[in-house]
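Notes for the one structure printed next.
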Amino acid sequence: MKSPRRITLVASVLLGLCLLASVLLLRQLDQVRNRAAPQEVLYLSSPKVLKRLSLGYQGLLADVYWTRAVQYFGSKHYAGARSYELLAPLLEITTALDPNLTVAYEFGANFLAPQPPNGAGMPQAAVELAEYGVRNNPNDWHLYYDLGFIYYVELKDYTRASDAFARGSRVPDAHPFLKVMAAQMAQHSGEVGMARMLWTTTYQSTADRSIRANAAAHLRALQVDEDVGTLEKLVSLYREQKGHPPSVLGDLQTAGMLSAVPVDPLGHSYKLMSDGHIEVRDPDNLPFIEKGLPPGYVALPPKFLPSD
Amino acid sequence: MSSRIAYIAFNTFREAVRDRVLYNLVAFAVLMSGAAILVGQISIGIERLVVVNLGLAAVSLFGMVIAIFIGIALVSKEIDKRTLYTVLSRPVQRWEFIVGKFLGLAGTLVVNTVFMAVGVFAALLYVSPHFQVADTWILVALYFIVLQFLIITSLALLFSSFSSPLLSAVFAFSLFVIGSFSEDLRGFAALAQGATRWLATAAAYLVPDFSSLNVISSVAHGQPVASQLILSNTLYAVVYAGMILCGAVVIFEHRNLK
């Protein structure tokens with residue numbers, strides 16, 4: 042074999058071996074790092090400093106930080122985390138770098154507000170984020186809607202929710218439902234119908250698949266809560282009238298209390314338990330439901346919501 | 204006179220192409236396709252924004268790097284290769300050589316920007332079903348980037364006319380960074396007192412203002428750019444680049460090439 046060819050062969054083999062060794066070492070390093078479990082930290086937490094360091098490309102840096110926020114929330118949410126310490130600072134940096142990045146307010150508030158495991162359980166931070174968004178984008182009705190939504194769903198502050206919807210309804214081209222919601226909020230606050238109206242508006246007014254899926258899941262949960270409540274009342278009424286509980290839900294229909302036996306939004310029939318309670322058959326695929334859960338049911342780690 | 208400048212400019216362009224400067228378009232194409240395809244999978248709701256922000260930032264940064272690294276070698280390379288003596292032994296004035304070199308590199312950067320702009324719009328079409336009226340403002344942002352190139356090319360040429368390539372690159376890049384902070388510098392000058400105020404004000408007006416030439420973030424959101432800003436920026440870039448070019452000509456005219 043000629044000398045140059047031999048050198049080429051040896052160098053190629055060495056290259057392959059070194060590549061293999063570096064991959065193995067990196068995997069080893071990953072394991073060491075995971076065991077060390079470093080504390081979550083933002084090395085640069087000042088939006089002002091980051092804005093200057095961006096050399097005028099703050100829009101691009103905002104996109105990077107927004108992606109970091111999404112990845113941070115997504116990975117922790119998937120792992121069933123109950124603490125999201127870096128979420129609020131990441132969103133603050135993102136929106137300071139690009140105050141017109143409305144998607145960061147809309148989703149960010151929805152990441153921050155709900156209680157764990159569905160969110161970070163920081164509704165006040167979500168309100169501050171949404172208010173900052175409104176100040177910087179006063180002509181975007183979605184942000185008023187998000188603000189009212191947090192006040193209504195998470196903080197149960199119906200006066201402020203009504204005020205946010207009313208302010209949003211005055212924005213040109215606002216969704217007509219905002220005016221209706223502002224008017225009905227004071228009168229019907231806390232009712233299931235009001236919550237359904239909110240989630241329906243969210244479902245109809247967004248083009249984003251994940252938001253639609255989330256709204257659809259909440260609408261399914263409202264439907265289940267309403268069905269279970271109604272069925273349990275009817276079971277109780279049946280027991281009073283007949284002196285014994287119904288053996289199956291079809292007995293309610295036979296007794297003329299129901300025109301048809303309802304099924305849950307996934308198409309499964311409800312289970313009638315011996316104590317008169319109603320349970321769903323597939324609680325794992327009905328996130329956000331508050332009624333119809335088996336006793337002692339522990340929700341699985343959150344998973345990505347099914348498509349609508 | 205104009206034909207001599209045009210000839211030098213054309214040769215500068217041809218040399219840049221021969222030096223495979225336009226190969227950066229391949230890296231740009233990979234970057235844009237990667238961004239367009241991947242961002243939707245790792246982020247939420249910013250596909251279009253990333254294409255515009257990343258695309259324009261890449262156009263700007265790739266162009267800046269080309270302007271600095273080609274610009275600083277425009278004169279020194281000709282001296283090292285001794286081709287400058289051949290050129291100047293013909294009826295070519297020194298100032299014509301400088302202006303021709305400037306126009307040649309500016310032309311290279313314009314051609315490069317046009318190709319990259321096509322890439323940005325192609326990626327935009329990939330992530331959006333159709334173009335929007337507001338997308339036309341991206342053309343204004345690209346125009347402002349070209350104006351930035353004119354300034355940085357003239358600066359690189361100025362430093363190249365009297366300094367070594369390494370120092371020229373450091374000077375030009377430093378001025379790019381300082382120029383990005385020009386608004387802050389003027390703000391600082393307004394807050395200072397006495398001699399510091401005068402010095403800071405002088406520095407603030409002497410360094411190039413790249414901040415007003417950067418409208419990437421606003422056009423990414425479809426916000427319009429005022430026609431007054433377009434006019435003022437055009438005049439500023441032409442005047443500033445002209446001023447620096449005059450400085451380069453003055454230095455080069457008096458440089459001892461023996």
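Chains A and B, in that order, give the protein sequences.
Per the working numbering, the very first residue in the first sequence carries number 42; after that it's consecutive.
Per the working numbering, the very first residue in the second sequence carries number 204; after that it's consecutive.
Glycine included, each C-beta is placed from N, C-alpha and C at the ideal position.
Helix, strand or coil at residue i [DSSP, three-state]
i      : result
I319/A : strand
S310/A : strand
V304/A : strand
G237/B : helix
R176/A : helix
L346/A : Only weak support is given to the placement of L346/A: the predicted model assigns it a pLDDT of 44, under 50, and the value that follows is read from those uncertain coordinates. Residue state, collapsed to three classes: coil.
S205/B : helix
I134/A : helix
D338/B : helix
V229/B : helix
E126/A : coil
P324/A : helix
R197/A : Position check: residue 197/A holds Lys in this sequence, whereas Arg was assumed. The answer is coil: DSSP assigns K197/A none of H, G, I, E or B.
M298/A : coil
R68/A  : helix
C59/A  : helix
D412/B : coil
V313/B : helix
F387/B : Just to set this straight, residue 387/B is Asp in the shown sequence, not Phe. If DSSP states are grouped into helix, strand and coil, D387/B belongs with the helices.
Y185/A : helix
W240/A : helix
T289/B : helix
I330/A : coil
K284/B : coil
P88/A  : helix
Y210/B : helix
V212/A : coil
H259/A : helix
F218/A : helix
M267/B : helix
Beta-carbon spacing of residue i, residue j below 7 Å
i      : j      : result
L128/A : A161/A : yes
S203/A : A223/A : yes
A403/B : F391/B : yes
H183/A : E147/A : yes
T339/B : A309/B : no
V265/A : D305/A : yes
I275/B : S377/B : no
F231/B : M319/B : yes
F206/A : L196/A : no
I319/A : E267/A : no
S420/B : Q99/A  : yes
A429/B : L350/B : no
D187/A : T143/A : no
P411/B : G382/B : yes
T316/B : V262/B : yes
V422/B : A344/B : yes
A256/A : T243/A : yes
G149/A : L132/A : yes
V295/B : R217/B : no
F305/B : L438/B : no
G307/B : T399/B : no
P158/A : G97/A  : no
Presumed contact (8 Å Cβ cut-off) between residue i and residue j, rounded CB distance
i      : j      : result
A375/B : F362/B : 6 Å
A110/A : L138/A : With 8 Å as the limit, A110/A and L138/A do not qualify as a contact, their Cβ atoms being about 12 Å apart.
P140/A : N177/A : 4 Å
A407/B : L394/B : Not confirmed; about 12 Å, so no contact.
A359/B : A238/B : About 29 Å separates the two Cβ atoms, so there is no contact after all.
V321/A : G333/A : 4 Å
L372/A : A260/B : A query on residue 372/A cannot be resolved here, the shown segment of chain A reaching from 42 to 349 and no further.
V276/A : G291/A : V276/A to G291/A, Cβ: 12 Å. No contact.
Residue from the options whose Cα sits closest to the Cα of residue i
i      : options                        : result
D323/A : G57/A, Y192/A, A262/A          : A262/A
V90/A  : G57/A, D71/A, S124/A, T135/A   : T135/A
V336/B : V330/B, P427/B, L388/B, V255/B : P427/B
L312/B : I208/B, A212/B, W401/B         : A212/B
S246/B : L83/A, S44/A, R250/A           : R250/A
G209/A : G189/A, P155/A, L299/A, F329/A : G189/A
L234/B : T215/B, V268/B, G322/B, L287/B : G322/B
V168/A : P158/A, Y193/A, A215/A, P157/A : Y193/A
L307/A : L327/A, Y113/A, T295/A         : L327/A
A166/A : Y125/A, Q245/A, Y199/A, T200/A : Y125/A
G258/B : A219/B, E386/B, S236/B, Q244/B : S236/B
Interface flag, residue i vs chain D, CB-CB below 7 Å
i      : result
L378/B : Among the chains of the structure shown, chain D does not appear; the protein chains present are A and B.
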